Structures are given as structure tokens and as C-alpha cells.
Ligand SMILES: CC(C)(COP(=O)(O)OP(=O)(O)OC[C@H]1O[C@@H](n2cnc3c(N)ncnc32)[C@H](O)[C@@H]1OP(=O)(O)O)[C@@H](O)C(=O)NCCC(=O)NCCS
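In this note's numbering, the protein residues as written are 57 to 253.
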């Protein structure tokens, strides 16, 4: 078992009692399994629409599996899928240092504003750090992701492999200095989806 897989297996699921919002749902965060995929895809279509498949981030994810142990779902107390987040292995430029790309993050539209997105983000960042990853990049709304420590401060010499808005290209160092000197176009580095017979 790889170091990442071992640490993933040791990691605990999280249970949340809500954040004091009106309907205060109880939800839990666990590793995604194959059985969650249909509901996850339906949630993403519902939350983000069909354009989600045309994003530049998709070029780094297509045909790859998420980073080991870093695909999470949130579930309500009655078992319904409430949210999803996954992280992907990338390299910072050709032959560059390894890092992670986060996304998509999405919460079921009827459960927005209850803290599920924040809980997924905090869980994903903390698990990635525990596994020894050094930096996480994403393309998203800075006003949302700033609360988790993401900013565009260290992405100016990096680029996504396709169209994106520069001020939405954000990063978080899990190890101080991990992005110092990083430059070039982000490359996919995840394991390829195996086409099993
Ligand atoms: C973005 C998203 C994941 C947030 O999930 P959530 O569970 O509603 O978020 P939380 O309850 O943890 O946080 C809610 C807070 O984030 C703020 N927020 C939500 N989306 C925001 C955005 N795009 N920009 C800035 N702030 C945002 C809310 O105003 C709220 O602020 P408050 O705490 O001051 O009241 C969810 O709205 C979603 O699935 N959106 C559609 C898909 C999407 O856009 N994904 C992100 C791609 S960038």
C-alpha cells in the first residue's frame, strides 16, 4: 500500500451537526465509493449545469481517477447525497513538482448555506495535508475560497491548460514555500482510468 493510501485508510470520517442555520441538517463526510457515482453525477449536473464538462479543469481530470483517498461525499442523516469534492494529482508544469487540483466542489442546491461546502473543503484540505501533499490549486470564486486560505498570490507564473480567468486561479500551500518558483502549464498526473473488461 502506498504512503498516501495508508494515510487515507487511517483517516476518520467526519460527522457534523450543522452550523446553526435555520434547518440545521446533520450530515457526515465519508470517502466516495463506486456506488455514489450516479448520485454524484446527478448532483453535479443539478448544481453546475452542462457547462461543467467544458471547464479547463476537466482537461486535467478526464480519463483519470482522483488522487488516492481524496474523493469525498457529504450525506444527510437520511442517506441522501448532499455534496461532493474531489482532488486530483497534477504537476506544476512539465516535470514540475507534484500538487493537487481541487474540484468540482458542489452542494445540493436545496442544502446550500448550511455549512456543507465549508465542511467538505476543510475535510479535503486537512486529509490532503495529513497525506503529505504540499499544495492545492483550483479555479473558483476567490471570495468563497479565501476563507480556506486560497489566493491567487502564487499562481501568476502557472497556467491552466485552456481558457480560465486569472483571478479565479487560486492556490493554497500545505507546506510553506511549496509553490515558490512554480511555473508553467499544469499537467495531469493522476492514474488513468482502467478500462476493465
Ligand atoms: C459554492 C458552494 C459549494 C458552497 O456550498 P455551501 O454548502 O452553500 O457553502 P457554506 O454553507 O459552507 O458557505 C456558505 C457561505 O459561502 C458564501 N458563498 C457561497 N458561494 C459563494 C461564492 N460563489 N462566492 C462567495 N461566497 C459564496 C455564502 O454567501 C455563505 O456566506 P456566509 O457564511 O457569510 O453566510 C455551493 O453553493 C455550490 O454547490 N454552488 C454551485 C457549484 C459551484 O459553484 N461550485 C464551486 C465552483 S467555484
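Note that CB positions come from ideal geometry on N, CA and C, so glycine has one too. Because the structure is a prediction, the values reported are computed rather than measured.
Quick check: is any heavy atom of ligand 1 less than 8 Å from the C-beta of residue 172? Yes - ligand 1 has a heavy atom lying nearer than 8 Å to the Cβ of residue 172.
Roughly how many angstroms lie between the CA atoms of residue 90 and residue 213, to the nearest whole one? C-alpha separation (whole angstroms): 37 Å.
Should residue 156 be listed as close to ligand 1, given that the test is whether its C-beta is under 8 Å from any heavy atom? Incorrect: residue 156 has no Cβ contact closer than 8 Å to ligand 1.
Decide if residue 163 is buried, meaning its Cβ has at least 16 other Cβ atoms within 10 Å, or exposed. By the neighbour-count rule (16 or more Cβ atoms within 10 Å), residue 163 is buried.
Cβ atoms of residue 122 and residue 142: under 9 Å apart, would you say? Residue 122 is positioned such that its CB atom lies closer than 9 Å to that of residue 142.
Take residue 156 as the anchor and find which of 72, 70 and 231 has the nearest alpha-carbon. In terms of CA proximity to residue 156, 231 leads the group 72, 70 and 231.
Does the distance between the C-beta of residue 223 and the nearest non-hydrogen atom of ligand 1 fall short of 8 Å? Not one heavy atom of ligand 1 sits closer than 8 Å to the Cβ of residue 223.
For the pair the segment 176-190 and the segment 113-130, tell me if three or more CB-CB distances fall below 8 Å. With a cut-off of 8 Å, the segment 113-130 and the segment 176-190 count as touching, because enough Cβ pairs lie within range.
By DSSP, does residue 248 sit in helix, in strand, or in coil? Correct three-state label for residue 248: strand.
State the CB to CB distance for the pair residue 173 and residue 113, rounded to an integer number of angstroms; the pair is presumed to be in contact (CB under 8 Å). About 17 Å separates the two Cβ atoms, so there is no contact after all.
Reducing DSSP to helix, strand and coil, say where residue 190 ends up. Three-state result, residue 190: coil.
In this structure, what does DSSP give as the bridge partners for residue 86? In the DSSP assignment, residue 86 is bridged to 129.
3-residue-minimum beta strand (DSSP E) runs that sit fully inside the segment 135-219, ordered along the chain: Restricted to the segment 135-219, the beta strand (DSSP E) segments that are unbroken, complete and at least 3 residues in length are 137-147, 154-158 and 191-195, listed in chain order.
Inter-residue Cα distance where the pair is residue 108 and residue 237: About 31 Å.
With DSSP as the reference, please indicate the residues paired to residue 120 in a beta bridge. Partner(s): 248.
Thinking residue 54 and residue 120 are a contact (beta carbons under 8 Å), I'd like their distance in whole angstroms, please. Residue 54 lies beyond the range of the chain shown here (57 to 253); nothing can be said about it.
Alpha carbons only, please: which of 202, 136 and 93 is nearest the one belonging to residue 84? Ranking 202, 136 and 93 by Cα distance to residue 84 puts 136 first.
Assuming contact is defined by CB atoms lying nearer than 9 Å, are residue 198 and residue 191 in contact in what I supplied? The Cβ atoms of residue 198 and residue 191 lie no closer than 9 Å to each other.
Residue range of the beta strand (DSSP E) that residue 100 falls in? DSSP places residue 100 outside any beta strand (DSSP E); the residue lies instead in the alpha helix (DSSP H), whose first and last residues are 93-104.
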